[in-house]
Amino acid sequence: MGSVEKYFELVDQNQQQFIETLREVVAIPSVSCDASRRGDVVRMGEWLQARWEAAGAVCKRVEPGKQDLHGVELDLPPVILGQYGNDPAKKTVLVYGHYDVQPALLEDGWDTDPFTLVETDDRLIGRGSTDDKGPVLGWLLCVETHKQAGIEMPVNL
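Structure follows, in structure tokens:
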């Protein structure tokens, strides 16, 4: 069994890999209010579901219905429900997040392409990096790193 020290060592070792994974998800323009980007929203959900399942989560994709978006009827983006762990001796933490983003254009005041993650002054800038792809990804990377370290998650998710 691993140790907490091993976990933090892996967090440090994997920092660049974590950034590259964030770069990958920021590059998916999952703008839910743009009908032409609905496929990207679905692709982002599929990416998350596949990655969570690979980490050992049990996931379910829920199709919540239809939406009229500026006169176009579209399927609403899927909801990805997941459960990681089911140990009755552990507390369960509910994690909520979304994987779609709002529109972002250079004309909106961005200094760089919003869908290209930029590292500057020890900051990571890109659409979704903090709202909310980054936090959702943080939970996933936490689970993956626990597994890599050989440490059980202390809670169910």
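For the sequence shown, our numbering begins at 409 and goes up steadily by one. Ideal Cβ placement from N, Cα and C applies to all residues, glycine included. Since the structure is predicted, the reported quantities are computational estimates derived from the model, not experimental observations.
Using the three-state DSSP reduction, which class does residue 531 fall into: helix, strand or coil?
As a first step, residue 531 must be located in the sequence shown, where it is residue number 123. Residue 531 falls in the strand class under three-state DSSP.
For the stretch 529 to 541 against the stretch 505 to 513, do three or more pairs of beta-carbon atoms, one drawn from each stretch, fall closer than 8 Å, so that the two count as touching?
yes
Given a threshold of 16 other Cβ atoms within 10 Å of its Cβ, counted over all protein chains shown, does residue 474 qualify as buried or as exposed?
Locating residue 474 in the sequence shown gives position 66, where the first residue counts as 1. Its Cβ having fewer than 16 others within 10 Å, residue 474 is exposed.
Just mark residue 560 as buried or exposed, buried being the case when its beta carbon has 16 or more other beta carbons within 10 Å.
Your numbering for residue 560 matches position 152 in the sequence shown. Exposed, because fewer than 16 other Cβ atoms sit within 10 Å of the Cβ of residue 560.
Just tell me which of 547, 492, 542 has its CA closest to the CA of residue 435.
In the sequence shown, the residue the question calls residue 435 occupies position 27. Here the closest residue by C-alpha is 542.
Cβ neighbour criterion (16 or more within 10 Å) applied to residue 554:
Taking the sequence shown and counting its residues from 1, one reaches residue 554 at position 146. Counting Cβ neighbours within 10 Å, residue 554 comes out buried, since at least 16 surround it.
If we ignore side chains and look at the alpha-carbon of each, how far apart do residue 597 and residue 452 end up?
Absent from the model: residue 597. The displayed extent of the chain is 409 to 565, so no value can be given.
What would DSSP say about residue 489, mapped onto helix, strand or coil?
Here residue 489 refers to the residue found at position 81 when the sequence shown is read from its first residue. In the structure shown, residue 489 sits in a strand (DSSP, three-state: E or B).
Measure the C-alpha to C-alpha separation of residue 419 and residue 528 and round it to an integer number of angstroms.
Here residue 419 refers to the residue found at position 11 of the sequence shown. Here residue 528 refers to the residue found at position 120 of the sequence shown. Answer to the nearest angstrom: the Cα atoms are 21 Å apart.
Does the Cβ-Cβ distance between residue 565 and residue 547 come in under 8 Å?
Locating residue 565 in the sequence shown gives position 157, counting from the first residue. Locating residue 547 in the sequence shown gives position 139, counting from the first residue. Less than 8 Å divides the Cβ of residue 565 from the Cβ of residue 547.
Three-way DSSP call (helix, strand, coil) for residue 502 in this model
Your numbering for residue 502 matches position 94 in the sequence shown. Coil, per DSSP.
Does DSSP put residue 476 in a helix, in a strand, or in coil?
As a first step, residue 476 must be located in the sequence shown, where it is residue number 68. Note: residue 476 maps to strand in three-state DSSP.
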